[in-house]
Amino acid sequence: MKKKDFDSSRRNFMRNSLALGTLLANEWFRPAPVIANCAKTPRETAGPFYPLRYPIDKDNDLTFLNDKSGKAEGERIFISGRVQNEGCEPVRGALVEIWQACSTGRYNHPRDPNKARLDPHFQYWGKALTDEKGEYGFKTVKPGSYPASWFWTRPPHIHFMIQSKQHAPFTTQMYFAGEPLNEKDKLLQGHPKTEQQKCIVAFGKVKGEKVGIFNITLT
Ligand SMILES: [Fe+2]
Numbered sequence: 090m091k092k093k094d095f096d097s098s099r100r101n102f103m104r105n106s107l108a109l110g111t112l113l114a115n116e117w118f119r120p121a122p123v124i125a126n127c128a129k130t131p132r133e134t135a136g137p138f139y140p141l142r143y144p145i146d147k148d149n150d151l152t153f154l155n156d157k158s159g160k161a162e163g164e165r166i167f168i169s170g171r172v173q174n175e176g177c178e179p180v181r182g183a184l185v186e187i188w189q190a191c192s193t194g195r196y197n198h199p200r201d202p203n204k205a206r207l208d209p210h211f212q213y214w215g216k217a218l219t220d221e222k223g224e225y226g227f228k229t230v231k232p233g234s235y236p237a238s239w240f241w242t243r244p245p246h247i248h249f250m251i252q253s254k255q256h257a258p259f260t261t262q263m264y265f266a267g268e269p270l271n272e273k274d275k276l277l278q279g280h281p282k283t284e285q286q287k288c289i290v291a292f293g294k295v296k297g298e299k300v301g302i303f304n305i306t307l308t
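Rendered as structure tokens:
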């Protein structure tokens, strides 16, 4: 993303923050706990499905597109976390982008060969800026798994890209704890077990909502 876009993101985020203020003021969006071990998060490639065009909504609520009367299908989830450096210091003002498949496992990308149905109400991509504490938050739906080839099904995952003034662009993927497909995934299993755990998030219920914390350590 170019500097102009980055600045525009910052302005949009301020607006979106106000719009999402009520949403994110819930209990789940309390500061993510600072993890004692700020060892770097494993890097993964951006993959082939980073959007060619951004959706009409460019915010951190992916569960509807422009019109709240049409809701994305699937299980609603909240993800929050802290972007930090290896000294456990918060990375402020970092642009956090996510992109993912909808609940059927389909990306909104012309090169996705998956024939699964697209969800017209899902935003597929979102962005947030980290605050003074390095924290970000997203509301989205759990992505479906999808075939990467005839012998490989990717487990549910969400792609992340972080850009900040102090760090080179960083891409990784967040996985869901307890998914049997995690054990067979070529990308996730390409990391040692201890590294894998840094990208696998266990979701819990807070006030009836499914909430996960994904802290990201940049080098
Ligand atoms: Fe993917």
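Reminder that position 173 of the sequence shown reads as 262 in my numbering, one-by-one numbering, no gaps.
Cβ atoms here follow ideal geometry from the backbone N, Cα and C, with glycine treated the same way.
It should be emphasised that the depicted structure is a prediction, and the values quoted were computed from it without experimental measurement.
Proximal residues to residue i (C-beta, below 7 Å), its chain only, five neighbours per side dropped
i    : result
E116 : With a pLDDT of 43 at E116, under the threshold of 50, the predicted position of this residue should be treated as unreliable, though the coordinate-derived value follows. Excluding sequence neighbours, E116 sits near V295 and K296.
S234 : G194, T242, R243, P244, P245 and L270
N155 : I145 and D146
Q67  : The chain is shown from 90 up to 308; residue 67 falls before or after that span and cannot be answered.
Neighbour-count burial assignment, residue i, 16 or more Cβ in a 10 Å radius
i    : result
Q130 : Looking at the sequence provided, one finds Thr at residue 130 rather than Gln. It is buried - the Cβ of T130 has at least 16 other Cβ atoms within 10 Å.
Q212 : buried
Q278 : exposed
G159 : exposed
T229 : buried
W239 : exposed
A114 : Here A114 scores only 46 on pLDDT, less than 50, and its place in the model is too uncertain to base an answer on.
Residue i - containing alpha helix (DSSP H), residue span
i    : result
E309 : Since the displayed the chain opens at 90 and closes at 308, residue 309 lies outside it and no answer follows.
Sequence-distant residues of the same chain with beta carbon closer than 6 Å to residue i, five excluded per side
i    : result
A135 : T260
F291 : Here residue 291 is Ala; the residue named in the question, Phe, does not match the sequence. Result list for A291: A266, in chain order.
Y196 : F138 and A190
K299 : I166 and F292
G256 : Residue identity check: residue 256 is His in the sequence provided, not Gly. Contacts found: L307.
Any non-hydrogen atom of ligand 1 closer than 7 Å to residue i Cβ
i    : result
F211 : no
Run of the beta strand (DSSP E) containing residue i, from where it starts to where it stops
i    : result
Q262 : H256 to F265
P236 : Y235 to S238
R243 : W241 to R243
I305 : I305 to L307
>> In chain order, what are the residue ranges of uninterrupted beta strand (DSSP E) at least 3 long that sit wholly in the stretch 155 to 231?
In response: Counting whole runs of 3 or more residues, the stretch 155 to 231 contains the beta strand (DSSP E) stretches 156 to 160, 165 to 174, 184 to 188, 214 to 218 and 224 to 230.
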